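In my numbering, the protein residues as written are 50 to 325.
Even for Gly, the Cβ is constructed at its ideal location relative to N, Cα and C.
Note that the structure is predicted; figures quoted are calculated from it, not measured.
Below, the structure written as structure tokens:
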């Protein structure tokens, strides 16, 4: 008995990550379906999960086009009135502009004669969302992106990087493989700009509470004084030291975010901080 083919898992990516793609993985001529898209962060995807606000809709008898915007850009979603897409087309037809929506679908790439890629999404699942779902998607997608960016940074620093070496630093196998693809295919990409975009999404959703001057000063001085190996102060050490001062881990996270936003510290690599 032949086992059923597993569905390709949906990747969580921002609109900017898809828009900036310049690489399509070549596929076997006998292979059916769309090719894999290789994003600047090394994500290898055929199917993605997006959440955002419907900013425009054009509905015709045979085709409905919807634009869905997240915090970084816009996704373009097309559903045709065929046997495969009819339910999803009806779902899109029922949406209005300014509606919050979650969509899972397959990436459909199009390459112009000038070599420029454009992408739309053929939906397989469409559902209305609420602000909580949108915030969760944004935070998780930003977290996934930042993990990949840190892995890419480590790969770029090494003359002979490999997946095993990155895994030993604490990255998952998928993160390590994505970092290697990014290094090979997108050497000239502005990863720092993407880092700023992802951090901006997080900062817009996590509002630092009014920490006292004393607690912020304690964390800042601890980070500055405990960069013992030149690689940055470890997050775990900050948490332990702050705990001894009666601070909760959530408060430490808020303070670190606030200090980062204020330009007092920056994250050198995964969970390592340096004072400026």
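So what does DSSP say about residue i, is it helix, strand or coil?
{"i": "residue 109", "result": "coil"}
{"i": "residue 160", "result": "strand"}
{"i": "residue 60", "result": "strand"}
{"i": "residue 269", "result": "helix"}
{"i": "residue 67", "result": "helix"}
{"i": "residue 50", "result": "Because residue 50 sits at a pLDDT of 43, beneath the cut-off of 50, its placement in the model cannot be relied upon, and the point is left open."}
Tell me which residues share the same chain as residue i and place their Cβ nearer than 6 Å to its Cβ, disregarding the 5 neighbours each side in the sequence.
{"i": "residue 183", "result": "100, 149"}
{"i": "residue 167", "result": "159"}
{"i": "residue 178", "result": "100, 149, 150, 151"}
{"i": "residue 174", "result": "153"}
{"i": "residue 94", "result": "60, 86"}
{"i": "residue 108", "result": "142"}
{"i": "residue 145", "result": "none"}
{"i": "residue 113", "result": "128, 138, 141, 142"}
For the beta strand (DSSP E) containing residue i, list its first residue and its last residue.
{"i": "residue 318", "result": "314-318"}
{"i": "residue 177", "result": "166-177"}
{"i": "residue 324", "result": "321-324"}
Could you pull out every residue in the same chain whose Cβ sits closer than 7 Å to the Cβ of residue i, ignoring the five residues on either side in sequence?
{"i": "residue 324", "result": "269, 272, 273, 313, 314"}
{"i": "residue 68", "result": "122"}
{"i": "residue 294", "result": "267"}
{"i": "residue 219", "result": "319"}
Quick check on the DSSP output: the alpha helix (DSSP H) that includes residue i runs from which residue to which?
{"i": "residue 231", "result": "222-234"}
{"i": "residue 196", "result": "180-206"}
{"i": "residue 213", "result": "212-217"}
Beta-carbon within less than 8 Å of residue i's beta-carbon, same chain only, minus the 5 sequence neighbours each way: which residues are those?
{"i": "residue 58", "result": "96"}
{"i": "residue 7", "result": "Since the first and last residues shown for the chain are 50 and 325, residue 7 lies out of range."}
{"i": "residue 73", "result": "84, 85, 86, 87, 158, 160, 166"}
{"i": "residue 238", "result": "69, 89, 231"}
Checklist line | Runs of alpha helix (DSSP H) wholly within the stretch 238-262 (minimum 4 residues, chain order) | finding: Counting only runs of 4 or more, we get 240-254.
Check: So, do the stretch 124-132 and the stretch 277-289 have three or more beta carbon pairs nearer to each other than 8 Å?
Finding: no
Margin query: With three or more beta-carbon pairs closer than 8 Å as the criterion, would you say the stretch 218-225 touches the stretch 149-169?
Written below: Output reads no: the stretch 149-169 does not touch the stretch 218-225.
Item checked: Within the stretch 101-155, ranges of the beta strand (DSSP E) (whole runs, at least 3 residues) -> 112-118, 123-129
Next item on the list: Taking only runs that begin and end inside the stretch 278-313, name each unbroken alpha helix (DSSP H) of 4 or more residues, in chain order.
Entry: 284-293, 298-310
Check: Can at least three beta-carbon pairs, one atom from the stretch 201-217 and one from the stretch 101-121, be found at a separation below 8 Å?
Finding: Put simply, the stretch 201-217 does not touch the stretch 101-121. Fewer than three CB pairs are less than 8 Å apart.
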